[in-house]
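K.L.:
Quick note on numbering: this note's numbering labels position 125 of the sequence shown as 125, and the sequence is numbered without any gaps.
Quick reminder that beta carbons are idealized off the backbone N, C-alpha and C, glycines included.
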Amino acid sequence: MAPRTTFVNLSDGLQNMSLWDQAFADTGLLGTIPCTATGTNAFILTPIASLFPPNILAYQAGLQFSFVVPSTTSGPVTAAVGLLSALAVNRSDGSQASTGDLVQNRVAVIQFNTATSAFDLVSVEGKSVLTDATQALTNKTFNGNTWTAGSGTITINGSKTLTLNNTIAFSGTDATTITFQGTDTYVGRGTTDTLSNKTIDTAAPNTVKINGNTLTAASGVATITFPNSTDTLVGRATTDTLTNKTIAAGSNTVTGLGVSNLGGFTGSPTNANFARGDGTWAAPASSNYVLLNTLTASASAALSDTSSLTNAYSAYDLVFINLVPATNAVTLQLQIQSAGVFQNTSYLTLVWGIATTNFTPSTGAPTTFIPLSNTNDVGNTGAGVSGTIRIYNPSATTFPKAVSGMMFNNSGGVNSRAALTSGYWNSNAAVTGVQIQFSSGNITSGTIKIYGAS
Numbered sequence: 001m002a003p004r005t006t007f008v009n010l011s012d013g014l015q016n017m018s019l020w021d022q023a024f025a026d027t028g029l030l031g032t033i034p035c036t037a038t039g040t041n042a043f044i045l046t047p048i049a050s051l052f053p054p055n056i057l058a059y060q061a062g063l064q065f066s067f068v069v070p071s072t073t074s075g076p077v078t079a080a081v082g083l084l085s086a087l088a089v090n091r092s093d094g095s096q097a098s099t100g101d102l103v104q105n106r107v108a109v110i111q112f113n114t115a116t117s118a119f120d121l122v123s124v125e126g127k128s129v130l131t132d133a134t135q136a137l138t139n140k141t142f143n144g145n146t147w148t149a150g151s152g153t154i155t156i157n158g159s160k161t162l163t164l165n166n167t168i169a170f171s172g173t174d175a176t177t178i179t180f181q182g183t184d185t186y187v188g189r190g191t192t193d194t195l196s197n198k199t200i201d202t203a204a205p206n207t208v209k210i211n212g213n214t215l216t217a218a219s220g221v222a223t224i225t226f227p228n229s230t231d232t233l234v235g236r237a238t239t240d241t242l243t244n245k246t247i248a249a250g251s252n253t254v255t256g257l258g259v260s261n262l263g264g265f266t267g268s269p270t271n272a273n274f275a276r277g278d279g280t281w282a283a284p285a286s287s288n289y290v291l292l293n294t295l296t297a298s299a300s301a302a303l304s305d306t307s308s309l310t311n312a313y314s315a316y317d318l319v320f321i322n323l324v325p326a327t328n329a330v331t332l333q334l335q336i337q338s339a340g341v342f343q344n345t346s347y348l349t350l351v352w353g354i355a356t357t358n359f360t361p362s363t364g365a366p367t368t369f370i371p372l373s374n375t376n377d378v379g380n381t382g383a384g385v386s387g388t389i390r391i392y393n394p395s396a397t398t399f400p401k402a403v404s405g406m407m408f409n410n411s412g413g414v415n416s417r418a419a420l421t422s423g424y425w426n427s428n429a430a431v432t433g434v435q436i437q438f439s440s441g442n443i444t445s446g447t448i449k450i451y452g453a454s
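1. Quick check on the burial criterion: 16 or more other C-beta atoms within 10 angstroms. Buried or exposed for residue 303?
2. Report yes or no: do the region 438–445 and the region 337–355 share at least 3 C-beta pairs separated by less than 8 Å?
3. Short check: CB of residue 36 to CB of residue 71, under 8 Å?
4. Alpha carbon to alpha carbon, how far is residue 324 from residue 443?
5. Beta carbon of residue 311, beta carbon of residue 422: below 8 Å?
6. Say whether the region 346–354 touches the region 372–382, bearing in mind that this needs 3 or more beta-carbon pairs closer than 8 Å, one atom from each stretch.
7. Which residues share a DSSP beta bridge with residue 390?
8. Cα separation between residue 162 and residue 73?
9. Within the continuous beta strand (DSSP E) that includes residue 353, where are the two ends?
10. Between the C-alpha atoms of residue 269 and residue 452, what's the straight-line distance to the nearest angstrom?
11. Residue 291 and residue 448: beta carbons closer than 8 Å?
12. Could you spell out the range, first to last residue, of the beta strand (DSSP E) harbouring residue 42?
13. Does DSSP classify residue 93 as helix, strand or coil?
14. Counting pairs of Cβ atoms below 8 Å between the region 90–97 and the region 54–72, do you hit three or more?
15. Among 277, 307 and 313, which has the Cα closest to the Cα of residue 287?
16. By DSSP, does residue 54 sit in helix, in strand, or in coil?
17. When the Cα atoms are used, what is the spatial distance from residue 280 to residue 404?
18. In whole angstroms, what is the alpha-carbon distance linking residue 346 and residue 426?
So, in structure tokens, the structure goes:
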């Protein structure tokens, strides 16, 4: 656009200079208008304030605006000047500028294009190439781009090195030939090729690997010569005899060898026998002492077992390991179960105990349980109660079931106690279980192991 021109005669005195002011404002539209910018992808441009700012009432052909990019673009780019409408910002190829085309703190220049009713990205500092003319690119990185046009050649001159961190793929119907310097043969295809006069260097750290394929000779007998070795090497799937071979224990492993393949033994291997030292497959000797159950206390009111005592064994041992009470000065008690009920009457018992500070025996004979310690003698600190109790022939129905054993505990952590206990529940009925508890409070910790003894 052209600035306004005034041809009026000016009389003496002060005259109205508004026409000249407007002319200066129009002149500002003839150059690139510097602006401030806000936004990320939708930029709002505001002309930098001046005494006579340009009159931007509408977008006009050739209007140019420059601004410092406030933030790097992450999507399609638009721009609006003041309160005017936002228009697309297009690259030189006509496509809309988008992610990464405008970089934060770089200077960009856009120009209104009446043909497209959009802004053309005229230049952007240090980022875009916006012309079809030949240019030298310096410090540029091609990231995810495709070169498709023409039959041009990429030339790397001056003894430069091309470093590729990814894969170069040749596809389509065009020629896919790579020409290397020299006249030698290069194999880089997935087809079958013949290597002539080639040496595979197996010196460390080089490795020759054959994965999923077979190394064979075209005809005749293939001979592999190993240096410094005249021994026999077995590498076939056929049956072969190894002579003077040793498998080093601890460093080598034989897998896939079943026990049925072990020769020189009498009998046959089964799930129930083993190979003895005399060369015989034999069943293991039966054990006369078998762990049946383990009871573990953890703030437990009582520990009980109602499944281990059967007619399978003639006697059962209860091994106590560090049963610690929550309450101090209590008695450890045992009650037996019969007919599904833990019995609390009709016990005939005797406990006889001594202490490291008093060798005079103390005795007790409660009738509601079998005592496993002296009365009110177990402290809630230290190692708790340990020992062994045996129950004899619990499934019999001819006589009452006898219980006996030796128990040990401390009292307050400074006094060792021993208790010899015996007794029985005065009934001929079968015993089917046991329950252990302290006379007051929970069992803080400890275990009881139940064994069957033949």
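P.N.:
Taking the geometry as given:
1. buried
2. no
3. Taking the C-beta atoms as reference points, residue 71 is found no nearer than 8 Å to residue 36.
4. Each residue's alpha carbon lies about 6 Å from the other.
5. no
6. yes
7. Paired residue(s): 317 and 404.
8. 31 Å
9. Residue 353 -> beta strand (DSSP E) spans 347–355.
10. 29 Å
11. With contacts defined by Cβ atoms closer than 8 Å, residue 291 and residue 448 do not form a contacting pair.
12. In the DSSP assignment, residue 42 falls within the beta strand (DSSP E) that extends over 42–47.
13. coil
14. no
15. 313
16. It is coil, neither helix nor strand.
17. 43 Å
18. Answer to the nearest angstrom: the Cα atoms are 6 Å apart.
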